[in-house]
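Visitor: Quick one: structure below, then a few questions.
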Amino acid sequence: MNQIQGDIVDASAPIANSTPTVRVKIENLCKDFRTSKGVTNAVQNVSLDIQRGEFVTLVGRSGCGKTTLLRMIGGLLAPTSGTVHVDGKELWRNGRVDSAAIARLGFVFQDSNLLPWFTVIDNIALPLKLRGVSKAERRERATTLAGLVGLAGFEHSYPRQLSGGMRQRVAIARALSTEPDLLLMDEPFGALDALTRERMNLELQRIVGETESTVVFVTHDIPEAVFLGDRIVHMTPRPGRVHQTVSVDIPKPREVIVQTGREFNEIVRDLRTALDQDG
Amino acid sequence: MNRTKALPWIVAPATIIVILVVWQAWVTLMDVNPFIMPSPIALGKEFGVLLTEPNTWAQTLITVSEVLMGFVIGVVSGLAVGIVLGKVAWLETSMRPLIIIAQVAPKVAFIPLFVIWFGFGMTSKVVLAAILAFFPVMLNALLGVRSVALGQRELMQSLNATRMQTFGQLELRSVLPYLFAGMEVAIVLATTGAIVGEFLGGSSGLGAMVVSAMSSLNAARTFALILLLSLIGLILYVIVNESKRLFIPWHESVYALQEA
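Residue numbers (our numbering), protein chains in the order written: chain R, 33 to 311; chain C, 17 to 276.
The following block contains the structure:
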């Protein structure tokens with residue numbers, strides 16, 4: 033099934049448009065939501081190239097379409113118009129997602145969305161189970177990942193026995209289990225307290241560095257966006273558009289201490305001023 | 017916590033003992049006609065006699081078989097229909113009037129028809145038990161399929177899961193707690209169905225024994241049989257309820273009790 037679809041896409045995808053270093057190419061992407069009260073332009077004419085290995089953060093006020101944009105990149109929501117290419121493959125064709133294009137993709141949601149009937153290990157290994165990886169192999173991989181996100185010793189706990197931060201780490205480990213090199217994260221640490229959040233940011237930076245992944249990360253927390261991002265995409269609401277993109281040239285890996293530095297704070301201040309003007 | 021745990025083991029037996037004492041005192045002091053109300057002691061004696069009769073066990077086997085067969089048929093078909101109706105919204109909407117009519121119809125009233133169609137044997141009782149067990153399971157399964165969290169559905173979607181995988185890993189497992197809620201009601205209704213069936217048609221099973229004891233104005237025996245039926249119903253209910261620990265140990269209804 034995957035192969036057949038992959039072949040069709042390979043034959044017709046406009047590969048010429050994308051240079052080898054572009055992971056995700058978004059062109060004139062629009063999404064309208066039709067309700068009884070009329071049409072909402074959640075995302076309007078967004079174009080964006082995301083480079084291989086780049087960490088892009090999407091910031092903006094609530095309702096600016098950042099989550100909608102991420103869901104379209106992740107194959108969860110069909111765009112009204114425009115195209116998304118992942119590794120040169122067109123993601124959406126006639127409102128249907130090309131499963132070959134999202135095969136190397138990991139999605140982390142606002143909620144951990146763990147399945148309560150599975151232990152930590154089985155939750156992490158779920159994507160591998162769906163791909164038919166043998167039980168021994170996926171358990172071994174899941175155990176390694178549990179260690180990577182700092183959950184060694186909790187492998188056989190159930191989600192209800194974990195704190196919010198631990199659950200979210202399980203969700204990240206699950207997203208990493210298939211070794212995706214494109215991670216889409218929708219405010220993954222939004223529900224965590226400030227200290228846990230800071231620790232998770234460092235962990236994420238380390239994991240992304242080790243796996244050389246490309247990341248698109250949605251947040252409404254400006255310092256978080258600046259701390260993690262190589263590039264910050266600032267979106268404005270009604271209609272959802274890209275207002276500006278800001279590069280962060282602070283070298284990686286970044287220590288917590290950079291947050292007190294001048295460069296960091298200038299970027300944060302400018303973004304905050306710009307976001308304030310969005311109304 | 018220890019006190020709350022021990023409480024039911026003290027209060028419930030104490031209440032039963034109080035009731036028995038008051039009952040015995042009332043029958044003795046007021047000299048109540050034993051044809052109308054036997055004393056607890058007479059009832060206990062009769063119950064002992066009943067348990068030593070081989071025929072009692074033969075009839076118990078018949079009744080329990082009817083209950084279990086009806087229960088299994090009702091649960092399996094209720095689960096299947098509930099899942100299909102839960103997944104296919106237009107089918108559920110178009111079938112809803114029929115479902116409501118079938119649900120509110122007094123199904124026990126159909127037993128004479130079942131006797132005409134399926135005879136005086138076990139089949140007519142199994143059919144009634146199955147129909148009574150079907151509805152709570154079907155309605156709960158339908159609710160369960162509809163209640164799968166949207167986020168978990170999106171997770172399966174983001175993991176590129178096939179329909180079968182989403183069903184096996186997510187929907188079926190989400191339905192299990194609802195299935196057990198339905199089965200707890202269904203086992204009681206299946207027991208009721210089998211006994212009422214035996215009351216009204218045929219001459220075998222504990223229900224028929226109740227009718228024959230009543231016809232010979234043997235109140236003690238009638239009471240003893242009701243006691244036996246209640247115990248059977250209790251055992252069946254406890255089996256269904258306890259099997260939750262095995263099948264859904266992760267669910268609140270199970271672990272909340274264990275950790276309390």
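Beta carbons: idealized from backbone N, C-alpha and C, even for Gly.
Because the structure is a prediction, the values reported are computed rather than measured.
Check for me: the alpha helix (DSSP H) holding lysine 57 (chain R) runs from which residue to which?
Guide: Along the first sequence, read from residue 1 onward, the residue named residue 57 (chain R) stands at position 25. Careful: lysine 57 (chain R) lies outside any alpha helix (DSSP H), inside the beta strand (DSSP E) at 54–67.
Visitor: Leucine 109 (chain R) and aspartate 218 (chain R): beta carbons closer than 8 angstroms?
Guide: On the first sequence, residue 109 (chain R) is found 77 positions in, with the first residue counted as 1. On the first sequence, residue 218 (chain R) is found 186 positions in, with the first residue counted as 1. Not closer than 8 angstroms, so no.
Visitor: Between isoleucine 36 (chain R) and the rest of its own chain, which residues show a CB-CB distance below 7 angstroms, the 5 nearest in sequence each way excluded?
Guide: Within the first sequence, numbered from 1, the residue matching residue 36 (chain R) stands at position 4. At isoleucine 36 (chain R) the pLDDT is 40, less than 50, meaning the model places this residue with poor confidence; the figure from the coordinates comes in the next sentence. Here the set comprises nothing.
Visitor: Put aspartate 218 (chain R) into one of helix, strand or coil per three-state DSSP.
Guide: For the purposes of this step, residue 218 (chain R) is taken as residue 186 along the first sequence, with counting starting at 1. Aspartate 218 (chain R) falls in the strand class under three-state DSSP.
Visitor: Please state the DSSP three-state secondary structure of glycine 70 (chain R).
Guide: Taking the first residue of the first sequence as position 1, residue 70 (chain R) is located at position 38. Looking at glycine 70 (chain R) - three-state DSSP - the assignment turns out to be strand.
Visitor: First and last residue of the alpha helix (DSSP H) that includes valine 97 (chain C)?
Guide: Numbered from 1 along the second sequence, position 81 holds the residue referred to as residue 97 (chain C). Unbroken alpha helix (DSSP H) run through valine 97 (chain C): 70–103.
Visitor: How far does the beta strand (DSSP E) with phenylalanine 139 (chain R) in it extend, from its first residue to its last?
Guide: On the first sequence, residue 139 (chain R) is found 107 positions in, with the first residue counted as 1. 137–140 is the span of the beta strand (DSSP E), which, as asked, contains phenylalanine 139 (chain R).
Visitor: In the region 151–186 of chain R, which residue ranges form an unbroken alpha helix (DSSP H) of at least 4 residues, counting only runs that do not cross its ends?
Guide: 152–162 and 167–180
Visitor: So, at 6 angstroms on beta carbons, what are the nonlocal neighbours of isoleucine 281 (chain C) in its own chain, with the 5 sequence-adjacent residues on each side left out?
Guide: Here chain C comprises residues numbered 17 to 276, so residue 281 (chain C) is not present and cannot be evaluated.
Visitor: Have a look at arginine 112 (chain C) and proline 191 (chain R) and give me their C-alpha separation to the nearest angstrom.
Guide: As a position in the second sequence, residue 112 (chain C) is number 96, starting the count at 1. As a position in the first sequence, residue 191 (chain R) is number 159, starting the count at 1. Arginine 112 (chain C) and proline 191 (chain R) have their C-alpha atoms roughly 37 angstroms apart.
Visitor: Apply the 10 Å Cβ neighbour rule to isoleucine 33 (chain C) and answer buried if 16 or more other Cβ atoms are within range, or exposed otherwise.
Guide: Looking up residue 33 (chain C) in the second sequence gives position 17. Exposed is the call here.
Visitor: Any contact between the region 274–284 of chain R and the region 296–304 of chain R? By contact I mean 3 or more CB pairs, one from each, below 8 angstroms.
Guide: yes
Visitor: Just list the residues that DSSP pairs glutamate 122 (chain R) with in beta bridges.
Guide: By one-based count along the first sequence, residue 122 (chain R) stands at place 90. Paired residue(s): R:His117.
Visitor: At a Cβ threshold of 8 angstroms, is arginine 294 (chain R) touching chain C?
Guide: Translated into the one-based positions of the first sequence, residue 294 (chain R) becomes position 262. Not one chain C Cβ lies under 8 angstroms of arginine 294 (chain R).
Visitor: For leucine 158 (chain R), which option in R:Pro111, R:Asp119 and R:Thr210 has the closest C-alpha, if you only look at C-alpha atoms?
Guide: Here the question's residue 158 (chain R) lines up with position 126 in the first sequence. With distances taken between Cα atoms, leucine 158 (chain R) lies closest to R:Thr210.
Visitor: With a 10 Å radius around its C-beta and 16 neighbouring C-beta atoms as the bar for buried, classify serine 79 (chain R) as buried or exposed.
Guide: In the first sequence, counting from the first residue as 1, residue 79 (chain R) sits at position 47. Label assigned to serine 79 (chain R): exposed.
Visitor: When Cβ atoms are compared, which residues of the region 121–139 of chain R fall closer than 9 angstroms to chain C?
Guide: Val129, Ser131, Ile134, Ala135, Leu137, Gly138 and Phe139
Visitor: Is there a C-beta anywhere in chain R that falls below 8 angstroms from the one on serine 174 (chain C)?
Guide: To locate residue 174 (chain C), count along the second sequence from 1; it is residue 158. So, interface residue.
Visitor: Does isoleucine 264 (chain R) pass the burial test, meaning 16 or more other C-beta atoms within 10 Å, or should it be called exposed?
Guide: If you number the first sequence from 1, residue 264 (chain R) lands on position 232. Buried is the call here.
Visitor: In angstroms, rounded to a whole number, what distance separates the CA positions of aspartate 42 (chain R) and glutamine 200 (chain R)?
Guide: If you number the first sequence from 1, residue 42 (chain R) lands on position 10. If you number the first sequence from 1, residue 200 (chain R) lands on position 168. Confidence at aspartate 42 (chain R) is low in this model, with a pLDDT of 42, below 50, so the placement of that residue is unreliable and no value is reported for it.
Visitor: So which residues on chain C does proline 148 (chain R) lean against when the C-beta distance must stay under 8 angstroms?
Guide: Counting from one through the first sequence, the residue named residue 148 (chain R) turns up at place 116. Per Cβ cutoff of 8 angstroms: Trp266 and His267.
Visitor: At which residues does the alpha helix (DSSP H) containing glutamine 181 (chain C) begin and terminate?
Guide: Counting from 1 along the second sequence, the entry for residue 181 (chain C) is found at position 165. Where glutamine 181 (chain C) is concerned, the enclosing alpha helix (DSSP H) stretches over 179–182.
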